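Colleague:
Structure (structure tokens):
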């Protein structure tokens with residue numbers, strides 16, 4: 001498929017370009033993936049080495065998700081009510097495992113607008129689909145809505161009094177401890193702080209980025225937003 005290393009490097013760059021709005025974690029992965037290839041004269045061997053590194057990274061990501069979930073599960077009780085914002089795989093797996101471990105837990109999932117083009121009703125709908133796609137969530141298909149309720153973004157302050165804590169994902173964590181995540185994260189963080197409700201972020205280590213935004217205007221927006229008036233992601237200062 002590839003005749004030269006330059007073609008391989010260009011294809012990797014194109015594939016990872018869609019994630020550049022999430023910080024430089026994927027660029028560092030690009031460098032790590034190709035760092036030895038330039039010194040090799042055997043393209044096929046280099047491709048096999050790259051494939052092995054990708055498989056190793058996938059296994060690391062899978063195991064790190066389980067580790068983070070094991071860290072948060074002790075904080076969840078059968079009577080817990082939790083507000084969730086985001087649509088990441090780690091959040092989805094956390095919800096599925098929590099329901100499996102704690103029958104009485106209740107999740108209030110933010111509607112999550114503005115929407116991406118593939119999910120016109122917001123990130124909440126996308127998150128529920130991802131929950132059902134997990135091995136744990138497949139067994140909950142008929143009763144997931146007993147545990148999860150999508151709430152409108154405008155109702156966050158009303159729901160905040162009823163929850164024990166907030167959990168959200170992250171596109172990346174910035175150099176100075178800020179957060180880049182779906183629009184609405186700053187609003188939720190402010191309301192949670194005002195109501196003295198703990199707010200936690202679930203984030204893989206590869207999302208720690210060497211960027212230093214001062215506001216949402218400094219962020220590059222993803223290309224799959226449904227609208228242009230309200231940004232798809234925003235900056236939450238530390």
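Numbering (UniProt numbering), first residue to last: 1 to 238.
Idealized CB from N, CA, C, for every residue including glycine.
Model, not experiment: these values are computed from the prediction.
1. Below 8 Å on the Cβ atoms is my contact criterion, and I expect residue 188 with residue 131 to pass it. Report the Cβ-Cβ distance as a whole number of Å.
2. Out of 33, 204, 146, point me to the one whose CA is closest to residue 55's CA.
3. Mind checking which residues open and close the alpha helix (DSSP H) that includes residue 8?
4. Return the first residue and the last residue of the alpha helix (DSSP H) that residue 185 is part of.
5. Between which two residues does the beta strand (DSSP E) carrying residue 234 extend?
6. Are the beta-carbon atoms belonging to residue 163 and residue 108 less than 8 Å from one another?
7. What are the boundary residues of the beta strand (DSSP E) that includes residue 150?
8. Starting from residue 168, follow its DSSP beta bridges and name the residues at the other end.
9. Just reading off the alpha helix (DSSP H) that residue 123 is part of, what are its end residues?
10. Between the alpha carbons of residue 81 and residue 99, how many angstroms are there, rounded?
11. So, under 8 Å CB-CB, residue 127 and residue 87 are touching, yes? Tell me the CB distance rounded to an integer number of Å.
12. Residue 102 to residue 15, Cα distance in whole Å?
13. Taking residue 196 as the reference, give the member of 141, 178, 157, 218 with the closest Cα.
14. Taking the alpha-carbon positions, what's the residue 121 to residue 154 distance?
15. If you drop the 5 nearest sequence neighbours on each side, which residues of the same chain put their C-beta closer than 8 Å to that of residue 65?
Modeller: Judging by the given coordinates:
1. In fact, because the Cβ distance is near 20 Å, the residues do not count as touching under 8 Å.
2. 33
3. 5-17
4. 185-194
5. 233-236
6. yes
7. 148-151
8. 85, 201
9. 123-133
10. 12 Å
11. 4 Å
12. 39 Å
13. 157
14. 14 Å
15. 89, 90, 93, 204
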